[in-house]
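Contents: one structure, followed by commentary.
2 protein chains.
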Amino acid sequence: MLLKAKILGLEAEKPVVILNKDDAAEIDVRPLDRVEMRLKGRKGVAIVNVATRFIKSGEIGLLSEIADHMRAKAGDRMDVLPSMPPESLIHIREKLAGKPLKDEHIRKIVEDTVHRRLSEIEMTAFVAALYNHGMTSREVAALSRAMASTGKTLDLGKKKIYDKHSVGGVPGDETSMVLVPIVAAAGLTIPKTSSRAITSPAGTADRFECLAPVDLDLEEIKHVVKKTNGCLVWGGAVDLAPADDLFIKIEYPLSIDPLLLPSVMSKKKAVGAKYLVIDIPTGEEAKVKTTKDAETLAERFIELGKMLRINTVGASTYGEQPIGFAIGPALEAREALSTLMYRKGPPDLVDKVAHLAGILLDFKLGGGGKKASLRLLRNGKAYKKLKDIILAQGGDPNIKPGDLPIGSKHVEVKSNVNGCVGWINNSAVVEIARAAGTPKDKGAGILLHKKMGDKVKKGQTLFEIYAEKSYKLERALRLARELKILGIGKTFQMLIKKIPPRIEHPKYFILER
Amino acid sequence: MLLKAKILGLEAEKPVVILNKDDAAEIDVRPLDRVEMRLKGRKGVAIVNVATRFIKSGEIGLLSEIADHMRAKAGDRMDVLPSMPPESLIHIREKLAGKPLKDEHIRKIVEDTVHRRLSEIEMTAFVAALYNHGMTSREVAALSRAMASTGKTLDLGKKKIYDKHSVGGVPGDETSMVLVPIVAAAGLTIPKTSSRAITSPAGTADRFECLAPVDLDLEEIKHVVKKTNGCLVWGGAVDLAPADDLFIKIEYPLSIDPLLLPSVMSKKKAVGAKYLVIDIPTGEEAKVKTTKDAETLAERFIELGKMLRINTVGASTYGEQPIGFAIGPALEAREALSTLMYRKGPPDLVDKVAHLAGILLDFKLGGGGKKASLRLLRNGKAYKKLKDIILAQGGDPNIKPGDLPIGSKHVEVKSNVNGCVGWINNSAVVEIARAAGTPKDKGAGILLHKKMGDKVKKGQTLFEIYAEKSYKLERALRLARELKILGIGKTFQMLIKKIPPRIEHPKYFILER
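Which chain is which? The protein sequence lines are A and B, in order. Numbering-wise, this note's numbering puts 504 at position 504 of the first sequence, and it's gapless, one number per residue. Position in the second sequence counted from 1, then plus 1000, gives you this note's numbering.
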């Protein structure tokens, strides 16, 4: 059926066209069926939406992506025919019915995902099927490989590539910013790609962006890594395992995360990692609650690593409270920069970095990695390496912590009792930091003055809130009065945990990888 | 945040608004999060889509449904704030994780579905969860009740309402059109609502529309039923159990049908049915393959019926070939009309109608229902009743079979061998009839000349294809040469079934209820 193109300005990352109801019935397609379009030798397939008034009979509405793909101009007459759904839909249905998938079928599903051939309903069915039926090790490996190979890959022409990843869940965790310069200073190659915050106050990419540009392309990354052994860049700019972002769009509103393992490992595979440490923050206040759960998760990473030829070690780390004192992109960047520059920092941050960097160094040294890491921090070689990386990525290597702008609106929250900090509510920290403007407002966030075990006197500052805008500061402060960040008892109470009334935010601690 | 309304002509049955990327970040919402809008004392909640160019910072794009709901005009300044997802999403996640749902939580999900508060992703997660985890009887009953009570209901002020339903799967099944006049002629009240075809060549509503209007509203239905005891109307016009259509939109592209039981029973509940027969066409060529499967399904309907106080009987009927000879709305309407008018018709159609009508009459008579049904057909009372119903619904009661227009394009397909028909491929019948233009082109379809067991001579007509348009006739004929409708052996072969190469159409025989 010949239809006249009507170009809709609307952007949509979906291959959708809009037909008039009568035309759709004429060619026997229903909403969410597919049509094939032909125009001047070009072909395309799109998913059908149906309108009664907005698109008249004889017209076809094209969203900008499809219009670009077909190089269609308003008024072009396109031939439109019914088209079968992609083969991968059959395999999605098989998985939904509980059948394990073959490697090549997983590959088909990932290809059709990346080429936007699947509707949201079909992709949701796939994600829900993975969530319900789980995946065999073989399936996870095939999925990781398919996700890696359908995107770009970083080829540094080297065999020994090191990497680090955190499954997330604890706020204020600027470990990677300190770890990468140490590992690179030790002579190991660590091309670290990181994400931006989704539900947390800051991702590593958001933090490091306060020091240098992070949206480098693959050639630029190669250049930086060849020069310095390391980098700290935003993974989203390089199209590594692009299926991941598309799956996350489905997982996010459902707060489920069945693709955690392939999501992480496909990206490591794409940068050619051979040695990997997985940080699993563990604790009541973290995403992973117990060391037993952490072990189970680590074992799955290790097994998957074997299948993908990535030597993997898991590390269950203390996750009951934020790392260091700062929460928010610029505040954390200040803390990390100062730790490297002044060769010392918050003890928990330094210890965590030294342990994780140590695991990576141990791959090469066979032992003593933690000590070596601390040495590189303390002798200033790590700071020197940081400056090299900042310079190579296009930043100012002489930047000082005080140069990083933080929010000019600012309030101190003080204690109205004497006592001792018994617990910290991580999810309240996250919510208040987000209310203050993070991650968008880089200078927003929280600076803790007290952490677990600290003695507190009435009138002493417990924490500060920073914001770039007054209404956000007020919003954060209102929330801080409602949600308790710190639990203060008369002494360090032996009651392990009070159960404060929390506002349900089932979204937090999900999906930050 | 105050944003200027930009009204997009686009229709969408979804409460979606489009924000500029920067504004979304500013109020800390991501795609598929929710916002609350306020305008002149009116409030609304919508799901966020994000654009970078199409919607400028400071603007909010409103699709027509939301614009109407908010009574927003272009340029109106609306206050836009982040909003939590509806509570039902928590329960969808619980079901996705395998937890059984409480009655009130099921009700919440259905309410939010009907009020379009859930995104496609969230609804798909719910449907996939039901498919994967199944439902307890209690859940099915609660879902049926919630689906019935969130729509309109038909109150005829009577206690004894009779109804019939087919789970579908066999083409050319005009049973309801013949059954309803018989049952109504017996003095029973049978307000039959039917669907239009989704994947089949004709639904009962499509067929009966050839004789009389079927899109009656509730008051009109009451009027017709009070006058005649029966009706044959399109359920879609009366908003009974409206959640069903919304669930079907999700099930259709996935070819899954976990809501079959609540879908059927909610509609029966909504019309106040107390006595019900469920037709389950059974056979290799039908949706339900074995009598054992049919029994299991029937038992679930019966159990659910008890919980909903609907006396239910299941009937497993022969489904290996089309019922009667006609396939297509007008061709089937002719066959049904002629059966009632001339008091006899295809033996399989008459026998099926008599059995099913008999089951309903037996509820009242305690026995002898089948005989009584045949009597009402043969003494002309059923035809008289049909004329009353046609008249009451606004049609011409004196219409004759030959008055119903059928496709003027027409071809006969002849046998090139002598032999005996050993099998009929139902899904090929469906595909060819759809290719010929059904259900949209009411005059299109297939007229079988031979059925199973019939002797065939070389050169004899096997079937005719009718179409309203030449290109559709050619398309259907091409398909008829590719797919074999009839399998002809030398004698009635004892080989039960050849396995002909079929074109995979996993969509057919799903969702027609």
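C-beta atoms are modelled at their ideal positions from N, C-alpha and C, and glycine is treated no differently.
Fill in: C-alpha gap between B/Leu1010 and B/Arg1053, whole angstroms
17 Å
Discussion item. Using a 10 Å radius around the Cβ and a threshold of 16 neighbouring Cβ atoms, would you call B/Phe1509 buried or exposed?
Written reply: Low per-residue confidence applies at B/Phe1509: pLDDT is 42, beneath 50, and the placement is therefore not dependable, though the value from the model is reported in the following sentence. Buried, since its Cβ has 16 or more Cβ neighbours within 10 Å.
Worksheet item: Does the distance from the C-beta atom of B/Asn1425 to that of B/Val1170 stay below 9 Å?
Response: no
Worksheet item: Leaving out the 5 sequence neighbours to the left and right, which residues in its chain are closer than 6 Å to B/Leu1374 when beta-carbon positions are compared?
Response: Ala1354
Fill in: Identified DSSP bridge partners for A/Glu36
A/Val45 and A/Leu81
Worksheet entry | Proximal residues to B/Val1214 (C-beta, below 6 Å), its chain only, five neighbours per side dropped | Ala1205, Phe1208, Val1233 and Trp1234
Practice prompt. Taking a Cβ distance cut-off of 8 Å, strictly less, list which residues of the region 253-271 of chain A are near chain B, in chain order.
Written response: Pro253, Leu254, Ser255 and Ile256
Discussion item. Here's the rule I'm using: 16 or more other beta-carbon atoms within 10 Å means buried, otherwise exposed. How should A/Pro405 be labelled?
Written reply: exposed
Item to complete: Measure the C-alpha to C-alpha separation of B/Lys1043 and B/Val1288 and round it to an integer number of angstroms.
Response: 48 Å
Discussion item. Residues in the same chain with beta-carbon distance under 6 Å from A/Thr193, minus the five sequence neighbours each way, listed in chain order, please.
Written reply: Val233 and Gly235
Worksheet item: Taking Cβ-Cβ distances below 8 Å as the criterion, which residues of the region 50-77 of chain A are in contact with chain B?
Response: Ala51, Thr52, Arg53, Phe54 and Ser64
Worksheet item: Is A/Ala184 helix, strand or coil by DSSP?
Response: helix
Discussion item. Quick check: what's the CA-CA separation for A/Lys370 versus A/Val183?
Written reply: 11 Å
Practice prompt. Establish whether the CB of A/Glu139 and some CB of chain B are separated by less than 9 Å.
Written response: no
Worksheet item: In whole angstroms, what is the alpha-carbon distance linking A/Leu479 and A/Leu216?
Response: 37 Å
Fill in: Secondary structure of B/Ser1200, DSSP reduced to three states
coil
Worksheet item: How would you label A/Leu3, buried or exposed, when you count the other beta carbons within 10 angstroms and need 16 or more for buried?
Response: buried
Discussion item. Suppose the cutoff is 8 Å on Cβ atoms and the five residues either side in sequence are ignored; what does the same chain contact list for A/His125 look like?
Written reply: Note that residue 125 of chain A is Ala in the sequence shown here, rather than His. Closer than 8 Å at the Cβ level, and outside the excluded window around A/Ala125, lie Ile92, Arg93 and Leu96.
Worksheet item: Within the 9 Å Cβ cut-off, does A/Ile323 reach chain B?
Response: no
Discussion item. Let's test the definition: count the other Cβ atoms within 10 Å of the Cβ of A/Asp448 and tell me whether it reaches 16, buried, or not, exposed.
Written reply: According to the sequence as given, residue 448 of chain A is Leu; it is not Asp. So A/Leu448 ends up on the buried side.
Discussion item. Just to check my reading of the structure: A/Lys274 and A/Ile161 have Cβ atoms closer than 8 Å, yes? What is that Cβ distance to the nearest angstrom?
Written reply: 5 Å
Item to complete: Would you tell me roughly how many angstroms separate the C-alpha atoms of A/Ala286 and A/Gly230, rounded to the nearest one?
Response: 29 Å
Worksheet entry | chain B within 9 Å of A/Glu209, Cβ atoms only | no
Worksheet item: Can you round the beta-carbon distance between B/Lys1014 and B/Arg1116 to whole angstroms, since I take them to be within the 8 Å contact cut?
Response: 6 Å
Worksheet item: Roughly how many angstroms separate the alpha carbons of A/Val127 and A/Ile250, rounded to a whole number?
Response: 7 Å
Fill in: Residues near B/Arg1196 in its chain [Cβ-Cβ closer than 6 Å; skip 5 each side]
Gly1203, Ala1205 and Asp1206
Practice prompt. Return the CA-CA distance between B/Ala1476 and B/Thr1461, expressed in angstroms with no decimal places.
Written response: 16 Å
Item to complete: Just grab the DSSP bridge partners of B/Thr1317 for me.
Response: B/Pro1281
Fill in: Anticipated Cβ contact below 8 Å, B/His1165 with B/Val1017, distance rounded
With 8 Å as the limit, B/His1165 and B/Val1017 do not qualify as a contact, their Cβ atoms being about 40 Å apart.
Practice prompt. For A/Asn132, decide whether its Cβ has a neighbour in chain B, counting only Cβ atoms nearer than 9 Å.
Written response: yes
Worksheet item: My guess is that A/Lys409 and A/Ala467 are in contact by the Cβ rule of under 8 Å, so how many angstroms apart are they, rounded?
Response: 4 Å
Practice prompt. May I have the straight-line CA-CA distance separating B/Gly1419 from B/Arg1378, to the nearest angstrom?
Written response: 35 Å
Discussion item. Assuming B/Val992 is part of the beta strand (DSSP E), what are its boundary residues?
Written reply: Because chain B here runs from 1001 to 1513, residue 992 of chain B falls outside it and cannot be looked at.
Discussion item. Using a 10 Å radius around the Cβ and a threshold of 16 neighbouring Cβ atoms, would you call A/Asn49 buried or exposed?
Written reply: buried
Worksheet item: Can you tell me where the alpha helix (DSSP H) with B/Ala1142 in it begins and where it stops?
Response: Ser1137 to Ser1149
Discussion item. With the cut-off set at 9 Å, would you say A/Met1 and A/Leu81 are in Cβ contact?
Written reply: yes
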